[in-house]
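Take a look at the structure below.
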Amino acid sequence: MPPAKPKTLNRRRLGEPIRRTGDSDGFAWRGVIDALRSAFFIRCVGSPGGTMADSSEARSKSLHHVAYATRDPEATYAFYSGQLGIPLVHAENHKQGDGFFRHFFFDMGRGDYLAFFEIGNVGESEDYRTDISTGAGLPVWVNHVAFRVDSHEELDAMNARMRSQGVEHIHEVDHGWCRSIYTVDPNGIMVEFCVTTDPKAFEQTEEEALRLLRLPPDQISEDSRKEPASSTRS
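Counting in the numbering used here, the sequence shown runs from 4 upward without gaps.
So this is what it looks like as structure tokens:
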């Protein structure tokens, strides 16, 4: 059976409440979007002064941050800042009616951040899960976050630090074009540190990548990454 189509949101202006299919009142997120926008979204994508940049000037250069949910901010802080040595650089709290949310950021360097939300009574289900893969019935490695390091030495140093800090279930994999170490954070999210070892092995033309993206499952070999050497292009 094909997967069910994801629920879609009605078109809306930025800041308007989201109507979600299945919400009892249709406005489970009333006010939250405005708070998010005023708190940090406009500062991320808008021009100085808080107004949205002209569309002709708005170009994404890289990820600013990715954000996940946590039920245990203290354990999350202890893992990322204490065991991994990634500094906590920003936190903010917001009251929303009878609920609240807090948002906090760890600095990955180069303008990249890993962020988390702790939430309470802002529209979440009581049994929501933070393990974004296994909680959705997926293998733990499907949805994960990967952090870049620049050398084998840096990767080995991170591996040594993790082990010395008591991080458990560390796995190392050589992917051919990169070398990675993996573990799982207190929220059930897989975390990867990787170093690119062979940039040319990773490089593909858009044509080549698109061909592999569209390759039928019954034609996938054990490892399909490159066009066959004998292939020709018109």
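All residues carry an ideal CB built from backbone N, CA and C; glycine is no exception.
| Asked | Found |
| --- | --- |
| Does the pairing of the stretch 75-93 with the stretch 107-118 give three or more beta-carbon distances under 8 Å? | yes |
| Rounded to a whole number of angstroms, what is the C-alpha to C-alpha distance between Val-92 and Gly-123? | 23 Å |
| Measuring CA to CA, which of Trp-144, Phe-205, Ser-63 and Lys-64 is closest to Trp-180? | Phe-205 |
| For a test of the three-state rule: what should DSSP assign to Ser-183, helix, strand or coil? | strand |
| Along the chain, where does the alpha helix (DSSP H) that runs through Phe-205 open and close? | 202-205 |
| How long is the line joining the alpha carbons of Phe-120 and Leu-66, rounded to whole angstroms? | 18 Å |
| By how many angstroms is the C-alpha of Ala-94 removed from the C-alpha of Leu-213? | 40 Å |
| Using a 10 Å radius around the Cβ and a threshold of 16 neighbouring Cβ atoms, would you call Ile-62 buried or exposed? | Note on residue identity: the sequence assigns Arg, not Ile, to residue 62. So Arg-62 ends up on the exposed side. |
| Which full runs of the beta strand (DSSP E) of 3+ residues lie inside the stretch 53-117, going along the chain? | 68-72, 91-99 and 102-112 |
| On the criterion of 16 or more Cβ atoms from any shown chain inside 10 Å, does Asp-201 qualify as buried, or is it exposed? | exposed |
| Are the stretch 148-159 and the stretch 96-105 in contact at 8 Å, needing three or more beta carbon pairs? | no |
| Count the other C-beta atoms from every protein chain shown that fall within 10 angstroms of the C-beta of Glu-225, then say buried if there are 16 or more, exposed otherwise. | exposed |
| In terms of residues, what are the limits of the beta strand (DSSP E) holding Asp-221? | Note, Asp-221: premise wrong, no beta strand (DSSP E); not H, not E. |
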